[in-house]
Structures are given as C-alpha cells and as structure tokens.
Amino acid sequence: MNLIDFELRGEHIPLDALLKATGLAGSGGEAKTLVQSGKVQVDGQPELRRTAKLRAGQVVAVTGTRVRLCTPAAPTEGAG
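Numbering (the numbering used here), first residue to last: 458 to 537.
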C-alpha cells in the first residue's frame, strides 16, 4: 500500500479536493464517484460525504493508497 503525507495549507480540506490534489482522482466528477461508491475511508470508516472537512491527523484510504494529513513543518529558526 502506498503512503502519502499531505501537508495542509489551512485548517482543513474537503475530501474531494484532497482526492484531486493527491492525484487519486483526475477530476471533481471522478472524486465524487469514488466517494459515492463507498471506496473511500476516513480513519477506517467509509465516508460518503464528498465535502467532508478533513483535518491534520486523519488518514484517508482509497484504491490501495493511504493519505495521512499533517500540518506544515515549522521553519527552523536560523535556517537560510
């Protein structure tokens, strides 16, 4: 199973937007179909809401891939 670490840019991301951003869905329509078909799990539970708000710490699983949502790494002080 593939594992993708996805850094959130805000507080949350809608499920369909995450599927598109990670390349697991090629379009919004494809993302909607994946979700409605019951092929997407969030934290081990089926998720049928395509606009479900996902936050850091959650894990999305679909078609042999797991996406772990995380907060952006804080810049290291003095780096640069």
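Note that beta-carbon positions come from the ideal geometry of N, C-alpha and C, so glycine has one too.
Just verifying my parser: in three-state terms, what is the DSSP assignment at residue i?
{"i": "Asp-462", "result": "strand"}
{"i": "Gly-474", "result": "The displayed chain sequence assigns Ala, not Gly, to residue 474. DSSP places Ala-474 in helix when its eight states are reduced to three."}
{"i": "Ala-509", "result": "coil"}
{"i": "Thr-522", "result": "strand"}
Alpha carbon to alpha carbon, how far is residue j from residue i? Give it in angstroms, no decimals.
{"i": "Ser-494", "j": "Ala-530", "result": "34 Å"}
Does residue i pass the burial test, meaning 16 or more other C-beta atoms within 10 Å, or should it be called exposed?
{"i": "Leu-475", "result": "buried"}
{"i": "Leu-511", "result": "buried"}
With DSSP as the reference, please indicate the residues paired to residue i in a beta bridge.
{"i": "Pro-503", "result": "Gln-498"}
Do the stretch 475-486 and the stretch 498-505 touch if we need at least three Cβ pairs shorter than 8 Å? With a cut-off of 8 Å, the stretch 498-505 and the stretch 475-486 do not count as touching, because too few Cβ pairs lie within range.
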